[in-house]
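Taking it in order: structure first as structure tokens, then the write-up.
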Amino acid sequence: MQEKILILDFGSQYTQLIARRIREINVYCEIYPFNHFPTPDESVKGVILSGSPASVRDNNAPSPDLSGIKGIIPLLGVCYGAQYLVQNFGGEVMASGTREYGRANLVYLNNNDPLFVGINQGTQVWMSHADTITRIPETYEITGSTTDVEAGAYHIKGENTWGIQFHPEVYHTTEGTKVLSNFVTGICKCSRNWTPDSFIGTTVSLLKDQLGDDKVILGLSGGVDSTVASFLLHKAIGKNLTCIFVDNGLLRKNEYNKVLESYIGLGLNVVGVNASDRFLDQLEGVSDPETKRKIIGRVFIEVFDAEASKVKDVKWLAQGTIYPDVIESVSVNGPSATIKSHHNVGGLPEKMHLQVIEPLRLLFKDEVRKVGASLGLPDFILKRHPFPGPGLAIRLLGKMTREKLEMLKEADDIFIDGLKKNGLYDSVWQAGVILLPVQSVGVMGDERTYENAVVLRAVSSTDGMTADWSHLPYEFLGMISNEIINKVKGINRVVFDISSKPPSTIEWE
Ligand code: XMP
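Using this note's numbering, read the sequence shown as starting at 46 and increasing by one per residue.
This is the structure we're talking about:
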């Protein structure tokens, strides 16, 4: 039985961060919408109520049914969660005169309280709320205060329930991880046994039980998620897993062969399908981004379906879906959680009458990489930059032609190779070249040219949701620009994208 912590989500932007911090302590946890969580069984060692953009004073404020939890299982309310436990049990929450936002210090801190054992007096915490607790119920005792907020933290006497109005999960709460660790290991008594190796052990034995002698197919993209999923399944069922790796002609230069060879070298049962012409014929002359995406999606399904049908008696389609694809912060106004469904090969399971299996659906991206490293996968797969499914098609703006695609592949290769050779690749989250539908005047030797312009794009990010442009050295950019203009026929101008997301996006279309 895997012991766990449940996090009830009230829609805070930080809920996923609470989960990540707890898992970094090697304790397993799961996030559920506040109005849609499983009845806790013995495996649930503690419950955390998250923050929320809502106010507990609103008539339609999110109200969970805590009857099977409060007073029975250790409970920690964070921000909204702490205010909810006050407002609904005899205390009072009011709009704070000044919005309490930013750094503060716990000028009073009770080190005898199990939540604050070992935490420094005056420790820095991060506040982010418009409401504040103005009166606590009689049975509550204050365990931490800032200069402005008396009820910064409290404990309910005689009960395993705590509340903190600050956010322990954010970086600016300097001892936040220690507070969470005090809760999950000290109070909830979870053993710290959730590790990549333990995950591999449990998942492989679950997959063996679930799949028996059934056959499974999986579409490899060359990316981290599908690769790690395939190696987990390979460990569980060996040759009963068939992986299909499709060359759509839109991958980076030489990527298809390099990746296919490494998969084969690592012992994976993989079929490579070179379908470049099929994709490129259909894309020729197309410029609308959504049309490109639709064509690529449709042709992929046709190619994948044809190849998968060659595997006799296949019952399952495996996918590399990860946790952020499965959970999404709840809409606090909506009646139920919006759960994103994620189908790389949309429609295929129904069409082929396959059941879907997703061995990574409970992992965050950094955990997927750790599992991959434990499985012995090489760095060049684990540290590879994210790459969009429609590939270079969405980095070639304007009408698609094979000639322009070759030009883009060459320029992209020079940039990526340059990042690697100059030790910059790992400090960048994602990089690539975009070919613009723009020609400009240049001069080469005695001749004037009228050729294409490309953009270098490189960003830092943690999840692709927000991103900043990477501050690459000028000397490096100058060198790459020279190399592209000198070596790639048809390009006479290179520019560098200095936009962050938002308001821009990482890709140009
Ligand atoms: P944007 O451009 O939205 O990109 O800032 C965020 C991340 O998503 C990738 N991306 C895609 N991935 N199919 C994909 O599989 C797509 O159509 C697509 N569009 C963007 C992008 O490369 C970045 O990692």
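Each residue gets a CB set at the ideal place from its N, CA and C atoms; glycine is no exception.
Nothing here was measured: the structure is a model prediction, and the numbers come from that model.
Worksheet item: Cβ-heavy atom distance between Lys-546 and the ligand XMP below 8 Å?
Response: yes
Worksheet item: Got a sec: does the ligand XMP put a non-hydrogen atom nearer than 8 Å to the Cβ of Glu-552?
Response: yes
Worksheet item: Residues bridged to Met-489 by DSSP?
Response: Glu-492
Item to complete: Identify which residue in Gly-96, Gln-47, Glu-87 and Pro-83 has its Cα closest to the Cα of Leu-62.
Response: Gly-96
Fill in: Runs of beta strand (DSSP E) lying entirely within the segment 273-339, each at least 3 residues, in chain order
Contiguous beta strand (DSSP E) elements confined to the segment 273-339 occur at 286-292 and 315-319, taking only those with 3 or more residues.
Item to complete: Could you give the DSSP three-state label for Ile-346: helix, strand or coil?
Response: Ile-346 falls in the helix class under three-state DSSP.
Fill in: Residue environment, Ser-226, which counts as buried when at least 16 other CB atoms sit within 10 Å
Buried, by the Cβ-count rule.
Worksheet item: Under the three-state reduction of DSSP, which class applies to Phe-541: helix, strand or coil?
Response: Collapsing the DSSP output to three states places Phe-541 in a strand.
Fill in: Given Leu-469 as reference, the closest of Leu-450, Val-478, Val-72 and Leu-522 once Cα atoms are compared
Leu-522
Worksheet entry | Buried/exposed call for Phe-425, threshold 16 Cβ in 10 Å | Burial state of Phe-425 is exposed, judged by a 10 Å Cβ sphere holding fewer than 16 other Cβ atoms.
Worksheet item: Do you know offhand how far Gln-210's Cα is from Gly-147's?
Response: Whole-angstrom Cα-Cα distance: 12 Å.
Discussion item. Between Glu-137, Asp-458 and Ile-245, which has its C-alpha nearest Lys-532's C-alpha?
Written reply: Asp-458
Worksheet item: Thr-383 to Ser-544, Cα distance in whole Å?
Response: Here Thr-383 scores only 43 on pLDDT, less than 50, and its place in the model is too uncertain to base an answer on.
Worksheet item: Quick one: what's Val-17 bridged to in DSSP?
Response: The first residue shown for the chain is 46 and the last is 554, placing residue 17 beyond what the model contains.
Fill in: Reduced DSSP category for Gly-246 - H, G, I as helix; E, B as strand; rest coil
helix
Discussion item. Mapping the DSSP letters down to three states, classify Arg-502 as helix, strand or coil.
Written reply: strand
Worksheet item: Using CA coordinates, which residue listed in Val-416, Ile-178 and Leu-405 is at the minimum distance from Pro-369?
Response: Leu-405
Worksheet item: Around the C-beta of Lys-337, are 16 or more other C-beta atoms found within 10 angstroms, so that it is buried, or is it exposed?
Response: buried
Practice prompt. Might you give, ordered along the chain, the residues of its own chain that have their beta carbon closer than 7 Å to the beta carbon of Arg-180, omitting 5 neighbours on each side?
Written response: Gly-136 and Glu-137
Practice prompt. Could you name the residues of the same chain whose beta carbon sits closer than 7 Å to that of Ser-419, not counting the 5 residues immediately before and after it, in chain order?
Written response: Pro-241, Asp-242 and Ile-245
Worksheet item: Is it true that the CB of Leu-517 sits closer than 9 Å to the CB of Val-500?
Response: no
Practice prompt. In the DSSP assignment, find the unbroken alpha helix (DSSP H) run with Pro-369 in it and report its ends.
Written response: If you look at Pro-369, you'll find it in the alpha helix (DSSP H) that goes 368-371.
Worksheet item: Would you say the beta carbon of Arg-180 comes nearer than 8 Å to a heavy atom of the ligand XMP?
Response: no
Practice prompt. Kindly list the residues whose CB is nearer than 6 Å to the CB of Met-46, restricted to its own chain and excluding five residues on each side of it in sequence; keep chain order.
Written response: Ser-88
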